[in-house]
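Read top to bottom, the protein sequences are chains E and S. Just so you know, the first sequence maps onto residues 1 to 229 in full-length UniProt numbering. Just so you know, the second sequence maps onto residues 1 to 229 in full-length UniProt numbering.
Number of protein chains: 2
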Amino acid sequence: MDTNVLHNLSYGLYIISACNGAFLNAQIANVVFQITSNPPKVAASINKENLTYSFIKKSKEFAVSILEESTPLGFIGKFGFKSGRETDKFKDVNFKRLSSGCPIVLDNAICYFSAEVVEEFDCGSHVLFLARLSETGFIKTGRLMTYEYYHNVKHGTTPQAAPTFLREEIVRKGQKAVQRYCCRVCNYVYNPEAADPDNGIKPNTAFEGLPDNWVCPVCGAGKGQFEKE
Amino acid sequence: MDTNVLHNLSYGLYIISACNGAFLNAQIANVVFQITSNPPKVAASINKENLTYSFIKKSKEFAVSILEESTPLGFIGKFGFKSGRETDKFKDVNFKRLSSGCPIVLDNAICYFSAEVVEEFDCGSHVLFLARLSETGFIKTGRLMTYEYYHNVKHGTTPQAAPTFLREEIVRKGQKAVQRYCCRVCNYVYNPEAADPDNGIKPNTAFEGLPDNWVCPVCGAGKGQFEKE
């Protein structure tokens with residue numbers, strides 16, 4: 001049974017946020033979708049080990065910022081590959097708190113909504129929170145980031161806690177003749193052909209040609225954390 | 001509260017199929033997604049009034065064909081805007097039955113999987129079926145149909161039974177100066193600028209210039225069923 005068929009399901013890329021009093025947290029998610037139209041309800045899948053999960057479990061509220069296509073990898077990495085237990089993810093980020101108390105990220109977001117949890121469905125490693133829309137807003141117009149764009153154009157990677165973590169990074173290995181390097185921390189693959197234009201590195205720059213202070217655009221790890229594929 | 005923010009969530013376009021003995025049925029769906037990676041489980045949202053729902057409820061099995069970008073509107077309309085109670089949706093369609101008995105559509109599909117239901121979550125008008133992957137297969141390579149492409153490029157519409165039915169067709173009205181016509185049966189909007197190239201109608205063909213035997217590319221209604229927006 002080839003589970004790679006599941007890579008052909010379509011998703012967007014979102015920041016899900018929640019709070020525990022004054023303590024704010026947020027994480028990247030791709031499994032967010034509308035379930036009913038009347039009343040409008042959404043569902044979001046969250047790994048039980050994530051800090052956001054414990055906040056939502058307690059407060060019964062969460063908020064979602066819908067990201068635009070041009071969102072830098074580093075911004076996604078900040079929310080997707082770090083834990084709110086160790087870092088303040090909202091430091092140096094523009095955000096506002098909604099009436100529910102949940103913070104929504106304004107940087108790189110097209111629009112947002114908050115939702116009140118009406119039911120929790122236990123799915124094993126993840127819980128699906130079914131929630132009723134409570135507040136909405138538009139920030140700007142722009143193209144939406146899709147999961148496909150994140151992977152195929154931005155060369156982003158998937159954390160192990162994500163519902164859609166599969167063998168995709170492994171599958172992608174060895175497709176190109178040019179030497180690529182893989183980040184041992186987050187599995188980001190440095191592809192010399194695409195390079196890292198978000199951070200001023202032009203296409204067709206070999207890994208060896210990167211400046212010494214270059215860091216992984218996703219998780220911030222140094223060059224020494226990379227190894228040949 | 002502007003529920004139009006929900007139009008910025010991303011989806012694909014799928015055919016979900018099921019069977020009741022020799023009786024086969026299938027429908028279009030956009031809310032299908034992976035929920036856990038180990039073991040790989042997926043969830044699909046189905047309206048309780050749909051025939052597919054009653055089949056899945058009974059057999060605890062369903063299959064999903066993942067559609068390609070070039071899928072004609074009429075093919076989507078056949079599965080999305082007709083009821084299996086009145087028509088045999090598999091007539092003139094290439095399909096095969098999987099070991100579960102579920103039929104999967106081969107036309108316009110990139111790949112498929114079948115899944116065994118392990119849990120049902122009641123969400124009001126819809127039920128989310130959580131299911132464990134049981135069989136998979138690839139049919140061809142190609143670009144995937146996204147919900148955004150279906151709406152913005154193919155000018156497809158959303159049936160009222162869909163979880164994502166909202167005011168989107170209403171929102172879209174009045175955006176263009178050129179006279180557009182709306183199908184009273186399925187809400188498809190004939191846009192003269194885009195016209196209906198799937199059926200040989202070139203861009204910039206006024207509604208009045210359509211041949212008398214032209215029918216709605218989504219639901220098959222005649223020209224007389226259309227009215228000015």
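Cβ atoms here follow ideal geometry from the backbone N, Cα and C, with glycine treated the same way. Every value quoted in this text rests on a predicted model; they were computed, and no experiment measured them.
Check                                                                                                                                          : Outcome
Inside the segment 15-56 of chain E only - alpha helix (DSSP H) runs reaching at least 4 residues                                              : none
Among S/162, S/144, S/100, S/91, nearest to residue 28 of chain S - alpha-carbon criterion                                                     : S/162
Same chain, Cβ closer than 7 angstroms to residue 71 of chain E, five either side skipped, listed in chain order                               : 108, 145
Neighbourhood of residue 39 of chain S by C-beta distance below 8 angstroms, restricted to the same chain and skipping five residues each side : 132, 133
Chain-ordered residues of the segment 29-42 of chain S with a beta carbon less than 9 angstroms from chain E                                   : 30, 31, 32, 33, 34, 35, 36, 37, 38, 39, 40, 41, 42
According to DSSP, residues forming a beta bridge with residue 183 of chain S                                                                  : S/226
Nearest-angstrom Cα separation, counted from residue 143 of chain S out to residue 202 of chain E                                              : 28 angstroms
Local Cβ density within 10 Å of residue 212 of chain E, reported as buried at 16 or more and exposed below that                                : exposed
Stretch pair the segment 44-59 of chain S + the segment 178-193 of chain S: three plus CB contacts closer than 8 angstroms                     : no
Assigned exposure category for residue 227 of chain S - 16 Cβ within 10 Å defines buried                                                       : exposed
Residue 16 of chain S vs residue 46 of chain S beta-carbon contact at 8 angstroms                                                              : yes
Residue 5 of chain E: contacting residues in chain S (beta-carbon distance under 8 angstroms)                                                  : 66, 111, 112, 113, 136, 137, 138
8 angstroms Cβ cutoff, residue 10 of chain E in contact with chain S                                                                           : yes
Chain S contact residues for residue 146 of chain E, given Cβ-Cβ distances below 9 angstroms                                                   : 10, 146, 148
Where residue 91 of chain E falls, given that 16 or more other Cβ within 10 Å makes a residue buried                                           : exposed
Short CB-CB distance (under 8 angstroms) between residue 163 of chain S and chain E                                                            : yes
Nearest candidate by alpha-carbon position, reference residue 179 of chain E, set E/206, E/199, E/153                                          : E/206
Closest residue to residue 112 of chain E among S/74, S/220, S/217, S/9 (Cα-Cα distance)                                                       : S/9
Any chain E beta carbon closer than 8 angstroms to residue 133 of chain S                                                                      : yes
Distance between residue 18 of chain S and residue 220 of chain E (C-alpha atoms, nearest Å)                                                   : 47 angstroms
Residue 30 of chain S versus S/76, S/54, S/49, S/3, residue with shortest Cα-Cα distance                                                       : S/76
Per-residue burial, residue 41 of chain E [other beta carbons within 10 Å of its own, 16 or more giving buried]                                : buried
Close-in-space but distant-in-sequence residues of the same chain around residue 210 of chain S (CB under 7 angstroms, 5 per side omitted)     : 201, 223
Cβ of residue 151 of chain E within 8 angstroms of any chain S Cβ                                                                              : no
Counted within 10 angstroms of its Cβ, other Cβ atoms place residue 65 of chain E as buried (16 or more) or exposed                            : buried
Proximity test, Cβ basis, 8 angstroms: residue 123 of chain S and chain E                                                                      : yes
DSSP three-state assignment for residue 59 of chain E, whether helix, strand or coil                                                           : helix
DSSP three-state assignment for residue 12 of chain S, whether helix, strand or coil                                                           : strand
Minimum Cβ-Cβ distance from residue 45 of chain E to chain S less than 8 angstroms                                                             : yes
Unbroken stretches of the beta strand (DSSP E), 3 residues or longer, contained in the segment 48-132 of chain S                               : 61-67, 95-97, 103-105, 109-122
Straight-line Cα distance separating residue 183 of chain S from residue 216 of chain S                                                        : 7 angstroms
Cutoff 8 angstroms: residue 2 of chain E Cβ touching any chain S Cβ                                                                            : yes
Residue 136 of chain E vs residue 158 of chain S beta-carbon contact at 8 angstroms                                                            : no
Reduced DSSP secondary structure (H/G/I, E/B, other) of residue 198 of chain S                                                                 : helix
Inter-residue spacing [alpha-carbon to alpha-carbon] between residue 121 of chain S and residue 121 of chain E                                 : 7 angstroms
Chain E contact for residue 176 of chain S (CB, 8 angstroms cutoff)                                                                            : For residue 176 of chain S, the pLDDT reaches just 46, beneath the cut-off of 50, and the residue's location in the model is therefore unreliable, leaving the point undetermined.
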